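Following: one structure in structure tokens, then a few remarks.
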Amino acid sequence: MNKEGPQNGQNSLSNYNRLNNPRLTSSQQIGFGMNWGLSSTNLNQSSNPGMSNNLNGNMYNPNNQSSQMLSSQFNLDSRQGYPASNFYQVQVALQQRSRTSATPHHHAKVAMSMLNGMNSQSSIFGSNYNGISFQSTKNDPGFNILHSFPDESPNNLGSSSQSSIKLRSPTHIKKSHTPIKLSSNNLLPDSSPVGRISRASDSGDSSNNSSNSANKSSDQATSSWDGLDLGGMGLRTLSPDLFNYSFLTKLYLNHNQLASLPSSISNLQELEVLDISGNMLVSLPPQLGLCYKLKELLMFDNRITELPFELGTLYQLETLGLEGNPISEPIRSLIYKKGTRAVIEYIRDIAPATKEIEDRDWITLEKNVDPEGSDVINILTYNVLSQKYAPSSHYGYCPSWALAWDNRREIIIGELLALSSKVICLQEVETSEYSEFFYPKLKAAGYEGVFWAKSRARTMPEEERKSVDGCATFFKSETFSLYESHLLEFQPSALNRTDFKKSEDFFNRFMTKDNICGFSILQLKDKSPGPPQFIIVANAHIHWNPEYTDVKMVQVAMLMEELKKVVSKISKISEVIPNTNKNYSGTSAGGSSNNNSGLENVPETDSNYKTVNQPCVLICGDFNSTPDSGLYEFLSTSKLSKTHTDLAKLESYSDYSIKGLGHDFKLKSAYSSVSGPDFVTNYTPTFKGEIDFIWYSTHKLHLVGILGPLNPKWLSTQVEV
1 MNKEGPQNGQ NSLSNYNRLN NPRLTSSQQI GFGMNWGLSS TNLNQSSNPG MSNNLNGNMY
61 NPNNQSSQML SSQFNLDSRQ GYPASNFYQV QVALQQRSRT SATPHHHAKV AMSMLNGMNS
121 QSSIFGSNYN GISFQSTKND PGFNILHSFP DESPNNLGSS SQSSIKLRSP THIKKSHTPI
181 KLSSNNLLPD SSPVGRISRA SDSGDSSNNS SNSANKSSDQ ATSSWDGLDL GGMGLRTLSP
241 DLFNYSFLTK LYLNHNQLAS LPSSISNLQE LEVLDISGNM LVSLPPQLGL CYKLKELLMF
301 DNRITELPFE LGTLYQLETL GLEGNPISEP IRSLIYKKGT RAVIEYIRDI APATKEIEDR
361 DWITLEKNVD PEGSDVINIL TYNVLSQKYA PSSHYGYCPS WALAWDNRRE IIIGELLALS
421 SKVICLQEVE TSEYSEFFYP KLKAAGYEGV FWAKSRARTM PEEERKSVDG CATFFKSETF
481 SLYESHLLEF QPSALNRTDF KKSEDFFNRF MTKDNICGFS ILQLKDKSPG PPQFIIVANA
541 HIHWNPEYTD VKMVQVAMLM EELKKVVSKI SKISEVIPNT NKNYSGTSAG GSSNNNSGLE
601 NVPETDSNYK TVNQPCVLIC GDFNSTPDSG LYEFLSTSKL SKTHTDLAKL ESYSDYSIKG
661 LGHDFKLKSA YSSVSGPDFV TNYTPTFKGE IDFIWYSTHK LHLVGILGPL NPKWLSTQVE
721 V
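Encoded structure:
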């Protein structure tokens, strides 16, 4: 393996390191090159599938002497079993197409020739692999590998309905008749600046070229181009500045002499196309798995034997080019038999569990307070992600064993028991999981609980009702007793309100959402004299869709109005009931309750009740809104202007759209001191942010400590958490 790849400007691939071997005789080497569509001096006709009508002819004859020697030297003998496989034919066809792009800046030149209105077939004869067009069928997902090429789309380089070169398809594949047009918006820059960048990388002098370019804002850069072609340059190393171009969606490093890729490739998380074919790579960096937007990863003709487990996170990958590598089993069989999707799922599911993250630090804000004191309440909120909301199709980056509910619920209950909070608020708990798993497990640890199912459960048969999710609140029975539980169903409550105008828009936007908020009125088991002490815990799950900010605002406004009613009644009770350390609840702990029997006969106090009689208030849950939203502003400032953008879509449901929103509580987010872009409660490839909150009333409660954020260094190495 001491042969070097093709030098800059050469068309010969016969001495290419992956397609030659010093143990072959000269005649065998020439025969070897011819057998793979290569001569010892230049590309011949059979190297271009677009010109050949013998795709599966002499080129793949397993009885040919050079084919047998190839199989022996590179452990590729099993390829003989796949000549009829559509996936195998796709691999070989794309490999041949890749080999025709060995000239310097091939892709950029194709783009420029098309931009100039030239005929790509005459200017770069037989070299436009972006012109590939197959029609996929539902029964043969393998052809999606070609049909769904990002570069076939109208907005990407190298595709043209007028002048594209078609790759000859197997006889049983129908060609697509969908016209493909060229857009000049996303074309690569011309070969001159590309050449300067690549030469700067090669020489190490990047001070005047790539460094200055990399320091430009991504907005300026992406306004004109989003791809970079460094192919066919004979590069042995890459400038670190290249990986500052985080806006790149296409990067061509094909047909160079690269022996490795740097770990900083993970900086290019916008990449959709990466071509590293025709190099001297023996392995791939695990960090490549962080480029989760990749749709095409072409690595033909290298020395790669294994794929890192981290590539299993490339859940959007449509094309994985492995042909021409001594890839080990069972990856080789999977790519030939079942295609790209099967390979990604396989390495995803066999990946060992990642190193466990270090425990999150406890941040103490009041050092003079005993964290185990009777007057200290620690509370936790957790959306457990219902199994019906977690199909593998939605979480393609997550191993199936890790996504399985039986595995996740054991991890969740382990965390809950380890943290040992006095109050626990859970969302998306299925009815059967509450009664059969969470309640028994936490009951054994000294908790009582109450559960509220979402509104649709009321109209469903008993068996179907078991899978309906809802909110569950648990509390330490040695510290609290449940005085009352109360459910607010946003959908039916809005329908029953006379001040809500029942317009068509109201029904379409609001009445299809069955979110809820459960209220637990907890009585503190305190033997000290005086009136009983109550804590009201609201456990909410607000609608998720960011397009329905008005619905979220109405739901939270209704929550605060209901909270005011509950607090007002409990405040009255606190004045007239002596503390006998007795549970006055009308609802048994551990059950599911939608009533408010303990409150309905208590008269409301005047709207201007004194805060001294107010019980402590805690509002927890999944609000599906970030700290820059109107929802956060409303809860933290007690008001929201009617002109706020989050109310823009709000029709005249009620006075909300006329007067704006307001409430009578002084609330603060427990994590406001650490809130920021680096603090997240939700971390996925498509969204990273803080959407779960713990709000507390500041008139009687003050914060003494919080569980710190996840380790940001560890978090940066993950696609999702």
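Take the sequence shown: its position 714, counted from the start at 1, is 714 in full-length UniProt numbering, and no numbers get skipped.
All C-beta atoms, glycine included, are put in the ideal place defined by N, C-alpha and C.
If you're wondering where the values come from, they're calculated on a predicted model, not measured in any experiment.
Using the Cα positions of residue i and residue j, report the straight-line distance between them to the nearest angstrom.
i	j	result
N215	N244	Low local confidence applies: a pLDDT of 45 at N215 is under 50, so the model's placement there is unreliable, with the coordinate-based value given in what follows. Roughly 8 Å between the two C-alpha positions.
I331	N383	37 Å
L647	M112	47 Å
E448	S435	12 Å
L314	D349	13 Å
K639	M553	11 Å
L228	L294	15 Å
S283	R341	20 Å
residue 737	D469	Summary: the structure shown does not reach residue 737, with the chain confined to residues 1 through 721, and so no result is reported for it.
Q96	H107	15 Å
R360	I706	10 Å
T681	L261	33 Å
H663	I573	22 Å
W714	I691	21 Å
I347	F309	5 Å
Q91	G339	9 Å
D301	N279	7 Å
Within 10 angstroms of the Cβ of residue i, are there 16 or more other Cβ atoms? Answer buried if so, exposed if not.
i	result
P712	exposed
L248	buried
P352	exposed
residue 722	Missing from the structure shown is residue 722; the chain here goes from 1 to 721 and no further.
F510	buried
A472	buried
Y483	buried
E323	buried
P546	exposed
S625	buried
T686	exposed
L271	buried
L419	exposed
F32	Its pLDDT being 32, under 50, F32 is placed unreliably by the model, and the measurement read from it follows with that caveat. It is buried - the Cβ of F32 has at least 16 other Cβ atoms within 10 Å.
D241	buried
I536	buried
H541	buried
N407	exposed
Y656	buried
T100	buried
V423	buried
T645	exposed
L365	exposed
For residue i, list the residues DSSP reports as bridge partners.
i	result
D406	DSSP lists no partner for D406.
H255	DSSP, once it has assigned bridges, lists no residue as partnering H255.
Q427	N383
K476	Y447
A453	G470
S520	S485 and V537
N682	G689
L618	V537 and Y696
Tell me the residue span of the alpha helix (DSSP H) that contains residue i.
i	result
V719	Taken as a continuous stretch (DSSP letters only), V719 belongs to no alpha helix (DSSP H), as it is neither H nor E.
F507	E504 to R509
T637	G630 to T637
T626	Where T626 is concerned, there is no enclosing alpha helix (DSSP H), given that its DSSP letter is neither H nor E.
L495	F490 to N496
I706	Run containing I706: none in the alpha helix (DSSP H); it sits in the beta strand (DSSP E), G705 to L707.
T273	Before going further, note that residue 273 is Val rather than Thr in the sequence given. Unbroken run through V273 is the beta strand (DSSP E), V273 to D275; no alpha helix (DSSP H).
M112	H106 to L115
A102	First-last for A102: undefined, no H or E at that position.
S657	Y656 to K659
Note the first and the last residue of the continuous beta strand (DSSP E) segment covering residue i.
i	result
L667	L667 to S669
S697	D692 to S697
I357	No beta strand (DSSP E) holds I357; DSSP gives it neither H nor E.
T364	W362 to T364
D229	G227 to D229
Output yes if chain C places a C-beta closer than 9 Å to the C-beta of residue i; else output no.
i	result
C616	Reference to chain C is not applicable here, since this structure consists of a single protein chain.
* **Any beta strand (DSSP E) of 3 or more consecutive residues that is wholly inside the stretch 279 to 321** => 296 to 298 and 319 to 321
* Asked: Can you give, in chain order, each stretch of the alpha helix (DSSP H) that sits fully within the stretch 523 to 580 and has at least 4 residues?
  -> 549 to 576
* **Complete runs of the alpha helix (DSSP H) confined to the stretch 318 to 348 [at least 4 residues]** => 331 to 337
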